[in-house]
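Let me begin by presenting the structure, written as structure tokens, before commenting on it.
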Amino acid sequence: MTTMRDTDRALVQAASAVAKLRCRSASHTAASAARTAEGRVLTGVNVVHRAGDTCAEVVALGAAVTQGVGALETIVTVGDRGRTVISPCERCQRLLADHSPSLRVIVGPVEDPRVVPVTELLLTPDVAD
Ligand SMILES: [Zn+2]
Numbered sequence: 001m002t003t004m005r006d007t008d009r010a011l012v013q014a015a016s017a018v019a020k021l022r023c024r025s026a027s028h029t030a031a032s033a034a035r036t037a038e039g040r041v042l043t044g045v046n047v048v049h050r051a052g053d054t055c056a057e058v059v060a061l062g063a064a065v066t067q068g069v070g071a072l073e074t075i076v077t078v079g080d081r082g083r084t085v086i087s088p089c090e091r092c093q094r095l096l097a098d099h100s101p102s103l104r105v106i107v108g109p110v111e112d113p114r115v116v117p118v119t120e121l122l123l124t125p126d127v128a129d
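Mapping of the sequence shown onto UniProt numbering: position 103 corresponds to residue 103, and the numbering continues sequentially without gaps.
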């Protein structure tokens with residue numbers, strides 16, 4: 001487990017700001033913010049659809065790839081318009097670990113979040129609860 005840095009708290013705030021702005025319907029309920037080692041921040045919201053849901057992490061990763069960004073350093077996803085931190089689902093954990101093996105993931109209660117390596121999330125799924 002890793003300590004929260006000021007940049008991690010700023011990332012939670014960035015995700016919360018996107019959630020407050022863009023998650024205003026049942027179609028969009030979560031927002032992710034991802035930071036690169038260079039300090040660039042990419043964001044994305046989930047897409048809920050009867051044809052299948054796309055997680056906010058996937059949209060943020062897609063935005064990063066679209067903009068030519070390499071590996072991500074840290075990611076956080078928030079729900080309930082920024083009032084909760086959401087742990088990536090198992091599929092996203094695998095996707096993120098494949099793309100950015102040293103990724104740090106912010107998890108835990110929004111009032112006391114913590115950082116865990118994505119590989120640790122994969123090994124112990126309940127660490128995020
Ligand atoms: Zn997911």
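Cβ atoms here follow ideal geometry from the backbone N, Cα and C, with glycine treated the same way.
Given the structure is predicted, the values throughout are model-derived calculations rather than measurements.
When C-beta atoms of the segment 38-54 are compared with those of the segment 103-113, fewer than three pairs fall below 8 Å, so the two segments do not count as touching. Relative to ligand 1, even the nearest heavy atom lies 7 Å or more away from the CB of C23. Per DSSP, the unbroken beta strand (DSSP E) holding S32 starts and ends at A30 to T36.
Residue burial is scored here from C-beta neighbours: A26 has fewer than 16 other C-beta atoms within 10 angstroms and is therefore classed as exposed. Within the UniProt domain "CMP/dCMP-type deaminase" (5-129), the complete beta strand (DSSP E) runs of at least 3 residues fall at 30-36, 41-45, 72-79, 84-86, 104-107 and 114-117.
Taking the C-beta atoms as reference points, A34 is found nearer than 8 Å to I75. Per DSSP, the beta-bridge partners of T2 are V115.
Selection around ligand 1 by beta-carbon proximity, strictly under 5 Å to any non-hydrogen atom, yields C55, C89 and C92 in chain order.
For the pair L95 and L61, the CB atoms are nearer than the 8 Å cut-off.
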